[in-house]
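Asker: Here it is: the structure, laid out below.
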Amino acid sequence: MMSTDKQVVKTEPENEFTTTHHVYEPHRAGIPPLANYTRELWKRREFASEMSKATLRGANTLTMFGQLWLVLNPLLLAGVYFLLVQVLSGGNRGGMDYFAQLCGGLFTFYFVAGSMSTGAASVVGGGKLLLNTAFPRLLMPFSAVRTAFFRFLPTLPVYFLFHILAGLGFHLSMVVSIYFLGLLIVFALGVAAFFATMQVYFRDTTSFMPYFNRIWLYMSPVIWSIEQVPARFTKVLNILEVANPLHSMLGGFTECLVNGDIPSLRTFVTATVWAFGVFAIGSLFFMSREREFAVRL
Amino acid sequence: MSSLSASESVPTPVPTPVPSGKPLTVKVENLSVTYRTTFERVPTFKNAITRLGRGQRAVREIEALKDVSFDVPDGTALGIIGNNGAGKSTLMRALAGILPPNKGRIEVHGRISPLLSLGVGFNANLSGRENIILGGLASGLSRAQVEARAEDVTTFAGLEEFIDAPMRTYSSGMYSRLAFSVAVHMDPDILMIDEALSAGDATFKTKAAGKMAELRENARAFFLVSHSLASIQQLCNDAIWLHKGELMMRGTPQEVCAAYTKFVQVGDSAVILEDL
Chain A
1 MMSTDKQVVK
11 TEPENEFTTT
21 HHVYEPHRAG
31 IPPLANYTRE
41 LWKRREFASE
51 MSKATLRGAN
61 TLTMFGQLWL
71 VLNPLLLAGV
81 YFLLVQVLSG
91 GNRGGMDYFA
101 QLCGGLFTFY
111 FVAGSMSTGA
121 ASVVGGGKLL
131 LNTAFPRLLM
141 PFSAVRTAFF
151 RFLPTLPVYF
161 LFHILAGLGF
171 HLSMVVSIYF
181 LGLLIVFALG
191 VAAFFATMQV
201 YFRDTTSFMP
211 YFNRIWLYMS
221 PVIWSIEQVP
231 ARFTKVLNIL
241 EVANPLHSML
251 GGFTECLVNG
261 DIPSLRTFVT
271 ATVWAFGVFA
281 IGSLFFMSRE
291 REFAVRL
Chain B
1 MSSLSASESV
11 PTPVPTPVPS
21 GKPLTVKVEN
31 LSVTYRTTFE
41 RVPTFKNAIT
51 RLGRGQRAVR
61 EIEALKDVSF
71 DVPDGTALGI
81 IGNNGAGKST
91 LMRALAGILP
101 PNKGRIEVHG
111 RISPLLSLGV
121 GFNANLSGRE
131 NIILGGLASG
141 LSRAQVEARA
151 EDVTTFAGLE
161 EFIDAPMRTY
171 SSGMYSRLAF
181 SVAVHMDPDI
191 LMIDEALSAG
201 DATFKTKAAG
211 KMAELRENAR
221 AFFLVSHSLA
231 SIQQLCNDAI
241 WLHKGELMMR
251 GTPQEVCAAY
261 TKFVQVGDSA
271 VILEDL
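Below, the structure written as structure tokens:
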């Protein structure tokens, strides 16, 4: 016996990923034992964070100018949308406070969109590692969401700068926005897992994303805010409220963060159901397919 | 051609015969693995849609392994030979738990080397060290274990100066030295070495052959996939020959290599001669 990791080996429960005793049999199509899977996933969480750190390092995201670059793109976009809305509305849309709200929404929207695109690329990009190592594959899209989140973080101080400049003030209820941010992360994990699976089967999934994202952005309360929607659109709004997951999540998030209001119970419930629902669907879909990835890559 | 055949200069101990009556380390029963691959090199949504009207089936099934059964008792050094496409790498991946079997059963007792070596360099933008650490963490080692090993791996591969440079800057020799070094430093009970590891200069080959002989003595089981019949005969005490997914023969390395050589020379696939 060469193993120097005897302690590890002894305490290891038997399952698909253990390193001591394995039995491999044809798997019935479907989902692996969830308790085991989750345990192994948790045990290897360091891999996901290390993977994400290495990706960020590789892209020079952690340097000062790297961080600046991350802020620059959404900021310029916010500028574009701000001008557009000002022109279209004949200049009677709010000034700085509208810009602050736009930034808050847009930065957060791009966190979800970023999770989607880096998540989609995560499994296909891990080619050789996936072909030669057995581990819970969900670590790949989850690591991508961590990467997207760390790209989102440097935009927060920029938002707060505009928040202060707009004189929006700080309220205790802003703390509630952390709950919605949490929901957005859970949602992003599900979305990343779903698109990572799609990308394995259809390698052009990421090519459709820019169009999809653009429509999704216009459907979400980012450029417009819920309370400013004209009465004739109430019907559309009622549909979007239920049909678009970001409506409740982003809407709730900006409501707390920008206006300092506590969203309605309805918003809370819709957002929570969407976040965990998408997380469950995305990750279960991924798990049911992940054993096929090695032959598909 | 292979690094392993260059080991003639190194006095490696002659493999001891397969011990009988020992507990089994690996048991493979009626294993079949079938791939479903697409015609297109890269499957896309666009192709799937545009192909619809033509009524072609996009998926083709490839039987990589057909009804393969064998046992590996403790202390076996098993050589695996066969032509390209015989299913050698598929067998290794199935043993490592990466490819699920379609039929049959595989039982493995012991910590198996996760073919990690072949995964090293999966992201060429990351440094050698990052690649080692990520591969180790993925295969379930703790951070401390991986970091300690990364040092040994680097020293053995002689890459101290370059380990923090991105892997895209590595030469092919550096690449394979690192891959081999990772494979032999993960302390598995069951060591699997694939042909892909064979490279490096004469100095490194000598070092590698020495290390392999040492590991063979210590590991509970040792699998060597190689096209070099010389190294199979030198390092292994048991051998199997796969052909088009089927187990053709099991026996001593001498017998199996002789039969394989004969088959290749008179058989229908003489083109593969250059692999020898």
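Protein sequences, first through last, are from chains A and B.
Using full-length UniProt numbering, the first residue of the first sequence is number 1, and each one after it goes up by one.
Using full-length UniProt numbering, the first residue of the second sequence is number 1, and each one after it goes up by one.
Positions of the beta carbon are idealized from the N, C-alpha and C atoms, including for glycine.
1) Below 7 angstroms on C-beta distance, what does Tyr35 of chain B contact in chain A?
2) Taking just the CA atoms, how far does Asp97 of chain A sit from Leu62 of chain A?
3) Any C-beta of chain B within less than 7 angstroms: which residues of the stretch 43-57 of chain A qualify?
4) Which one of B:Gly82, B:Arg143, B:Ser176 has the shortest CA to CA distance from Ala239 of chain B?
5) Tell me whether the beta-carbon of Ser122 of chain A lies closer than 7 angstroms to the beta-carbon of Met140 of chain A.
6) Provide the residue span of the alpha helix (DSSP H) that contains Lys22 of chain B, from first to last.
7) Kindly list, in the order they appear in chain B, the residues whose Cβ is closer than 8 angstroms to that of Thr26 of chain A.
8) Enumerate in chain order the residues of its own chain whose CB-to-CB distance from His171 of chain A is below 6 angstroms, with the five nearest sequence positions on each side excluded.
9) Taking Ser117 of chain A as the reference, give the member of A:Trp274, A:Ile223, A:Phe212 with the closest Cα.
10) The stretch 124-153 of chain B: which residues have C-beta closer than 8 angstroms to a C-beta of chain A, in chain order?
11) In angstroms with no decimal places, state the Cα-to-Cα distance between Leu240 of chain A and Met219 of chain A.
12) For Gln67 of chain A and Ser177 of chain A, what's the separation of their Cα atoms in angstroms?
13) Taking 7 angstroms as the threshold (beta carbon to beta carbon), is Thr147 of chain A in contact with chain B?
14) State the beta-bridge partners of Thr37 of chain B as determined by DSSP.
15) Chain B partners of Tyr201 of chain A, CB-CB under 8 angstroms?
16) Nearest by alpha-carbon distance to Ile223 of chain A: which of A:Thr254, A:Thr197, A:Pro210 is it?
17) Tell me which residue opens and which closes the beta strand (DSSP E) that Glu246 of chain B is part of.
18) Just verifying my parser: in three-state terms, what is the DSSP assignment at Leu31 of chain B?
19) Please name the residue in A:Arg151, A:Phe149, A:Val124, A:Gly79 whose C-alpha comes closest to that of Val200 of chain A.
20) Closest to Gln101 of chain A by CA distance: which of A:Val295, A:Leu156, A:Leu72, A:Thr147 is it?
21) Could you give the distance in angstroms between the alpha-carbon of Arg51 of chain B and the alpha-carbon of Arg214 of chain A?
22) Do you know how far the Cα of Met287 of chain A is from the Cα of Glu214 of chain B?
23) Between Leu168 of chain A and the rest of its own chain, which residues show a CB-CB distance below 7 angstroms, the 5 nearest in sequence each way excluded?
24) Considering just the uninterrupted stretch of the alpha helix (DSSP H) at Arg168 of chain B, what are its terminal residues?
25) Quick one: is Glu217 of chain B near chain A, going by C-beta distance under 7 angstroms?
26) Where Leu88 of chain A and Pro221 of chain A are concerned, what is the direct C-alpha to C-alpha distance, given to the nearest angstrom?
27) Tell me where the alpha helix (DSSP H) around His163 of chain A begins and ends.
28) Leaving out five residues before and five after Arg250 of chain B in sequence, what residues of the same chain have Cβ atoms less than 7 angstroms from its Cβ?
29) When the Cα atoms are used, what is the spatial distance from Thr147 of chain A to Phe111 of chain A?
30) Listing by chain order, which chain A residues have their CB less than 9 angstroms from the CB of Lys211 of chain B?
31) Out of curiosity, what's the CA-to-CA distance linking Val8 of chain A and Met167 of chain B?
32) Would you mind reading off the limits of the alpha helix (DSSP H) that contains Leu137 of chain B?
33) Drop a sphere of 10 angstroms on the beta-carbon of Glu50 of chain A, count the other beta-carbons inside from all chains shown, and report buried for 16 or more, exposed for fewer.
34) For the beta strand (DSSP E) that contains Arg105 of chain B, what are its first and last residues?
35) Residue range of the alpha helix (DSSP H) that Ala275 of chain A falls in?
36) Let me know if Val236 of chain A comes out buried or exposed under the rule of 16 or more other beta-carbons within 10 Å of its beta-carbon.
Answerer: Here's the rundown:
1) Translated into the one-based positions of the second sequence, residue 35 of chain B becomes position 35. Within 7 angstroms Cβ-Cβ: Val295.
2) By 1-based counting over the first sequence, the position of residue 62 of chain A is 62. By 1-based counting over the first sequence, the position of residue 97 of chain A is 97. Roughly 30 angstroms between the two C-alpha positions.
3) Lys43, Arg44, Glu46, Phe47, Glu50, Met51, Ala54
4) Counting from one through the second sequence, the residue named residue 239 of chain B turns up at place 239. The residue with the shortest Cα to Cα distance from Ala239 of chain B is B:Gly82.
5) Against the first sequence, residue 122 of chain A aligns to sequence position 122. Against the first sequence, residue 140 of chain A aligns to sequence position 140. The answer is yes: Cβ separation under 7 angstroms.
6) Along the second sequence, one-based indexing puts residue 22 of chain B at 22. No alpha helix (DSSP H) contains Lys22 of chain B, which DSSP labels as neither H nor E.
7) Mapped onto the first sequence, residue 26 of chain A falls at position 26. Reading the sequence as shown, one finds Pro at residue 26 of chain A and not Thr. By Cβ distance, chain B contributes Pro100, Pro101, Asn102, Lys103, Gly104.
8) Stepping through the first sequence from its first residue, residue 171 of chain A is reached at position 171. Gly260.
9) Taking the first sequence and counting its residues from 1, the one referred to as residue 117 of chain A is at position 117. Closest option to Ser117 of chain A, Cα to Cα, is A:Phe212.
10) Asn125, Leu126, Glu130, Ile133, Leu134, Gly135, Leu137, Ala138, Ser139, Gly140, Leu141, Ser142, Arg143, Gln145
11) To locate residue 240 of chain A, count along the first sequence from 1; it is residue 240. To locate residue 219 of chain A, count along the first sequence from 1; it is residue 219. The alpha-carbon atoms of Leu240 of chain A and Met219 of chain A are separated by roughly 7 angstroms.
12) Working through the first sequence from its first residue, we reach residue 67 of chain A at position 67. Working through the first sequence from its first residue, we reach residue 177 of chain A at position 177. Going from the Cα of Gln67 of chain A to the Cα of Ser177 of chain A covers about 23 angstroms.
13) Along the first sequence, one-based indexing puts residue 147 of chain A at 147. Closer than 7 angstroms: no.
14) On the second sequence, residue 37 of chain B is found 37 positions in, with the first residue counted as 1. The partner list for Thr37 of chain B (beta bridge, DSSP) reads B:Arg60.
15) Position 201 of the first sequence, counted from the first residue, corresponds to residue 201 of chain A. In chain order: Pro43.
16) Within the first sequence, the letter at position 223 stands for residue 223 of chain A. Here the closest residue by C-alpha is A:Thr254.
17) Translated into the one-based positions of the second sequence, residue 246 of chain B becomes position 246. Taken as a continuous stretch (DSSP letters only), the beta strand (DSSP E) holding Glu246 of chain B covers 246-251.
18) Here residue 31 of chain B refers to the residue found at position 31 of the second sequence. Strand.
19) Here residue 200 of chain A refers to the residue found at position 200 of the first sequence. Taking only the C-alpha atoms, the option nearest Val200 of chain A is A:Val124.
20) Numbered from its first residue, the first sequence carries residue 101 of chain A at position 101. The option with the nearest alpha carbon to Gln101 of chain A is A:Leu156.
21) Within the second sequence, the letter at position 51 stands for residue 51 of chain B. Within the first sequence, the letter at position 214 stands for residue 214 of chain A. Distance between the alpha carbons of Arg51 of chain B and Arg214 of chain A is about 28 angstroms.
22) One-based indexing of the second sequence puts residue 214 of chain B at position 214. One-based indexing of the first sequence puts residue 287 of chain A at position 287. Cα to Cα, Glu214 of chain B sits roughly 40 angstroms from Met287 of chain A.
23) Within the first sequence, residue 168 of chain A is the residue found at index 168, counting from 1. Excluding residues within five positions, the ones whose Cβ falls inside 7 angstroms are Asp97, Ala100, Val258.
24) The residue you call residue 168 of chain B lines up with position 168 of the second sequence. Note, Arg168 of chain B: premise wrong, no alpha helix (DSSP H); not H, not E.
25) For this step, residue 217 of chain B is matched to residue 217 along the second sequence. Judged by the 7 angstroms Cβ criterion, Glu217 of chain B is not in contact with chain A.
26) Here residue 88 of chain A refers to the residue found at position 88 of the first sequence. Here residue 221 of chain A refers to the residue found at position 221 of the first sequence. If I take the Cα positions, the gap works out to 17 angstroms.
27) Taking the first sequence and counting its residues from 1, one reaches residue 163 of chain A at position 163. 155-165 is the extent of the alpha helix (DSSP H) around His163 of chain A.
28) The sequence position of residue 250 of chain B within the second sequence is 250, counting from 1. Hits under 7 angstroms: Phe70, Ile240.
29) Taking the first residue of the first sequence as position 1, residue 147 of chain A is located at position 147. Taking the first residue of the first sequence as position 1, residue 111 of chain A is located at position 111. Their Cα atoms are separated by approximately 10 angstroms.
30) Numbered from its first residue, the second sequence carries residue 211 of chain B at position 211. Near Lys211 of chain B there are no residues of chain A at all, since even the closest Cβ is about 13 angstroms away, more than 9 angstroms.
31) Position 8 of the first sequence holds residue 8 of chain A. Position 167 of the second sequence holds residue 167 of chain B. Because the pLDDT of Val8 of chain A is 40, which lies under 50, any placement of that residue in the model is unreliable, and the question is left without a value.
32) In the second sequence, counting from the first residue as 1, residue 137 of chain B sits at position 137. Unbroken alpha helix (DSSP H) run through Leu137 of chain B: 128-138.
33) By one-based count along the first sequence, residue 50 of chain A stands at place 50. Result: buried.
34) Counting from one through the second sequence, the residue named residue 105 of chain B turns up at place 105. 103-109 is the extent of the beta strand (DSSP E) around Arg105 of chain B.
35) Translated into the one-based positions of the first sequence, residue 275 of chain A becomes position 275. Segment 265-289, the alpha helix (DSSP H) holding Ala275 of chain A.
36) Taking the first sequence and counting its residues from 1, the one referred to as residue 236 of chain A is at position 236. With fewer than 16 other Cβ atoms within 10 Å, it is exposed.
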